[in-house]
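Engineer:
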Amino acid sequence: MATALQHYSSLASLRQALADKKVSATELAQESLRAIDLHKVLNAFVHTDAELTLAQASQADALLAAGKAGPLTGIPIGHKDVFVTQGWRSTAGSNMLKNYVSPFDATVVSRLLEAGTVSMGKLNCDEFAMGSGNEHSAFGPALNPWDHTAVPGGSSGASAAAVAARLVMASTGTDTGGSVRQPAALCGVSGIKPTYGSVSRYGMIAYGSSLDQAGPIAASAADLVEMLDAMSGFDPRDSTSAEFCNGAINAPGRIRADFNQASQQFTLSAAQPLKGLRIGVPREYFGDGLSEDVANAIEAALAEFEKLGAQRVDISLPRTRLSIPAYYVIAPAEASSNLSRYDGVRYGHRSENYTDLEDMTGKSRAEGFGPEVQRRILVGTYVLSHGYYDAYYLQAQRLRRMIADDFRTALTTQCDVIMGPVTPTVAKQIGVNNDNPTADWLADIYTLSLNLAGLPGMSIPCGFGTGASGAALPIGLQIIGNYFEEGRLLAVAHQYQCVTDWHQHIAGQTS
Ligand code: GLN
């Protein structure tokens with residue numbers, strides 16, 4: 418079933434249609450809401466509210482009519498349900514927050530609203546962003562629009578699925594260990610996790626605070642520029658927000674520095690920008706466990722970059738394997754602390770049957786949290802407990818530093834960017850790892866280390882492989898850069914998207 422948004426190849430073309438009055442923001446919003454309804458089977462949106470959406474759309478139409486529209490005025494988007502929103506419920510995919518309505522908007526949400534976007538509602542995700550397939554949601558799994566028996570990835574699974582099916586043009590996601598890049602890869606769309614500190618975490622329901630970072634998902638790198646531009650920037654309400662990036666003030670518009678509005682081209686694209694670009698290809702990303710489909714697609718993408726003038730450099734990130742144990746100690750440790758606030762008193766579900774305070778807290782948490790979240794809390798409290806802290810948590814912190822050092826060596830002495838796969842395979846079938854929860858953890862091998870180091874990384878579509886059901890499923894190329902070099906990553910990705918059309922394939926277009 419085609420959606421109205423499938424007729425627009427980019428945010429720029431949609432902006433043009435709005436400016437030319439071929440369509441209004443209200444019409445777009447109505448069509449988007451209709452498409453969400455028609456594609457209910459995807460289970461992408463967990464909460465919509467036509468009245469709130471149409472109020473935003475009519476404001477956008479007023480700005481358009483007054484000639485005061487900004488680059489994103491009237492663009493239909495969706496928010497991962499870990500961003501708190503005034504009006505719409507904010508659940509983090511959990512029964513714990515089933516009926517929670519925030520009294521304020523997250524900074525990311527308010528900045529995108531100020532930029533003129535129109536929100537279609539809240540997108541399904543893994544509970545408290547813990548997961549890799551959107552299967553751990555209290556609202557049930559979201560489906561991959563390319564194959565309804567496959568996962569869309571996670572935890573921002575529905576954020577990617579909704580863009581892939583063009584229910585919205587762009588969406589917000591969060592990435593603690595890969596949750597923007599991995600679903601973008603598995604749904605055939607583009608997504609970026611910016612440098613830690615680039616985008617405010619204020620109002621983002623916390624998972625692992627030293628790892629969490631918000632990022633946009635959209636069809637292409639050019640569209641991501643527009644979204645990230647509006648989302649990023651210093652926020653005094655987030656104590657880890659970066660005020661300066663490489664000497665420049667971290668303000669909305671920073672990403673656009675690399676982008677020429679008039680020509681819709683990144684300025685880096687002038688005169689063979691990729692000529693001489695040194696692409697580091699980590700040996701460790703091509704070992705055991707990488708499927709042939711993915712390996713071939715990545716090789717083909719690297720060959721394309723070489724054709725564009727880039728140069729391939731063999732590099733080593735020797736601690737890659739250790740990112741799994743380091744992350745799965747640090748992230749649960751932080752989660753166990755962050756989630757202690759859900760006790761049925763300060764926040765969250767309260768059990769109806771209890772005898773005393775302790776019984777109430779225990780029952781409220783047992784009823785409110787799903788199994789994956791409980792598993793993480795158990796691991797987290799264990800590694801932080803007296804007697805195990807030194808053996809696990811402290812060692813993981815040391816590994817974290819060493820992993821960051823490996824990237825620093827590569828990116829300062831050997832290469833300008835790093836490229837490789839995002840995932841070892843195409844999207845798995847829903848439910849395959851139900852009896853083996855740590856199997857999903859191992860598949861995060863290529864994404865976790867960036868969050869441990871705080872570096873920016875993105876995923877762009879680069880081909881298709883074959884899923885277990887026989888369906889053709891998308892593959893993503895990961896591009897990693899040095900701190901605050903999001904602009905460069907986006908420019909490099911844009912060059913690739915100028916000469917390839919993987920990002921233009923739309924899920925469900927032919928059916
Ligand atoms: N799959 C990883 C986890 O479950 C990453 C999730 C994320 O980035 N939010 O922790």
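Letter by letter, the sequence shown follows residues 418 to 928 of this note's numbering. Positions of the beta carbon are idealized from the N, C-alpha and C atoms, including for glycine.
I need the straight-line Cα distance from residue 602 to residue 768, nearest angstrom please.
Structural biologist: One C-alpha to the other measures close to 39 Å.
Engineer: Is residue 451 helix, strand or coil by DSSP?
Structural biologist: Helix at residue 451.
Engineer: How long is the line joining the alpha carbons of residue 928 and residue 549, rounded to whole angstroms?
Structural biologist: Note on residue 928: pLDDT 40, under 50, position unreliable in the model; no value is reported.
Engineer: Starting from the C-beta of residue 699, find all residues in its chain whose C-beta is less than 8 Å away, skip the five residues before and the five after it, and write them out in chain order.
Structural biologist: 732, 733, 734, 737, 827, 835 and 837.
Engineer: By alpha-carbon positions, which one of 527, 605, 512 and 504 ends up nearest to residue 922?
Structural biologist: Nearest of 527, 605, 512 and 504 to residue 922, Cα basis: 605.
Engineer: Given residue 477, which residues of its chain have a CB within under 7 Å of its CB, disregarding the five upstream and five downstream residues?
Structural biologist: Excluding sequence neighbours, residue 477 sits near 442, 490, 491, 533 and 535.
Engineer: On the criterion of 16 or more Cβ atoms from any shown chain inside 10 Å, does residue 772 qualify as buried, or is it exposed?
Structural biologist: The residue is exposed, with fewer than 16 neighbouring Cβ atoms inside 10 Å.
Engineer: CB of residue 748 to nearest heavy atom of the ligand GLN: below 7 Å?
Structural biologist: Within the cutoff, so yes.
Engineer: For residue 503 and residue 671, what's the separation of their Cα atoms in angstroms?
Structural biologist: So the alpha carbons of these two residues sit roughly 27 Å apart.
Engineer: Please report how far the alpha carbon of residue 888 lies from the alpha carbon of residue 630, in whole angstroms.
Structural biologist: Roughly 32 Å separates the two Cα atoms.
Engineer: In three-state DSSP terms, what is residue 462?
Structural biologist: Strand, per DSSP.
Engineer: Within a Cβ cutoff of 7 Å, which residues of the same chain sit near residue 557, ignoring the five residues on either side of it in sequence?
Structural biologist: Contacts found: 460.
Engineer: Please confirm whether any heavy atom of the ligand GLN lies closer than 7 Å to the CB of residue 510.
Structural biologist: The answer is no for residue 510.
Engineer: Under 7 Å: does the beta carbon of residue 797 sit that close to some heavy atom of the ligand GLN?
Structural biologist: Residue 797: no, Cβ never under 7 Å from the ligand GLN.
Engineer: Measuring from the CB of residue 761, is there a heavy atom of the ligand ATP at a distance below 7 Å?
Structural biologist: Of the ligands this structure carries, namely the ligand GLN, none is the ligand ATP.
Engineer: Have a look at the DSSP bridge pairing and note the partners of residue 535.
Structural biologist: Residue 535 is bridged to 493.
Engineer: If we ignore side chains and look at the alpha-carbon of each, how far apart do residue 686 and residue 507 end up?
Structural biologist: Interpretation of residue 686 is limited by its pLDDT of 43, a score under 50 that renders its predicted location unreliable; the figure taken from the coordinates is listed afterwards. When rounded, the distance between both Cα atoms is 40 Å.
Engineer: Could you check if residue 688 is buried or exposed, using at least 16 other CB atoms within 10 Å of its CB as the buried criterion?
Structural biologist: Its pLDDT being 40, under 50, residue 688 is placed unreliably in this model, and the value from its coordinates should be taken loosely. Classification for residue 688: exposed.
Engineer: Grouping DSSP H, G and I as helix and E and B as strand, with all else coil, what is residue 877?
Structural biologist: The answer is strand: DSSP assigns residue 877 an E or B state.
Engineer: Please state if the CB of residue 581 and the CB of residue 456 are separated by a distance shorter than 8 Å.
Structural biologist: Their beta carbons are not under 8 Å apart, which means residue 456 does not touch residue 581 by this criterion.
Engineer: For residue 713, name the three-state secondary structure that DSSP assigns.
Structural biologist: Helix at residue 713.
Engineer: For residue 486 and residue 641, I'd like the C-alpha separation in whole angstroms.
Structural biologist: The straight-line gap from Cα to Cα measures roughly 19 Å.
Engineer: Using 10 angstroms around the beta-carbon of residue 666, count the other beta-carbons present and answer buried if the total reaches 16, otherwise exposed.
Structural biologist: Classification for residue 666: exposed.
Engineer: Helix or strand or just coil, what does DSSP make of residue 607?
Structural biologist: Residue 607: strand per DSSP, three-state reduction.
Engineer: Answer yes or no: do residue 874 and residue 610 have a C-beta to C-beta separation smaller than 8 Å?
Structural biologist: Yes, the Cβ-Cβ distance between residue 874 and residue 610 is below 8 Å.
Engineer: For the ligand GLN, I want to know if residue 624 counts as a neighbour, meaning its beta carbon is within less than 7 Å of at least one of the ligand's heavy atoms.
Structural biologist: At least one heavy atom of the ligand GLN is nearer than 7 Å to the Cβ of residue 624, so yes.
Engineer: In three-state DSSP terms, what is residue 545?
Structural biologist: Three-state DSSP puts residue 545 in a helix.
Engineer: Please classify residue 432: does DSSP put it in a helix, a strand, or coil?
Structural biologist: Residue state, collapsed to three classes: helix.
Engineer: Measuring only from the beta carbon, is residue 823 closer than 7 Å to any heavy atom that is part of the ligand GLN?
Structural biologist: Residue 823 Cβ: outside cutoff for every heavy atom of the ligand GLN.
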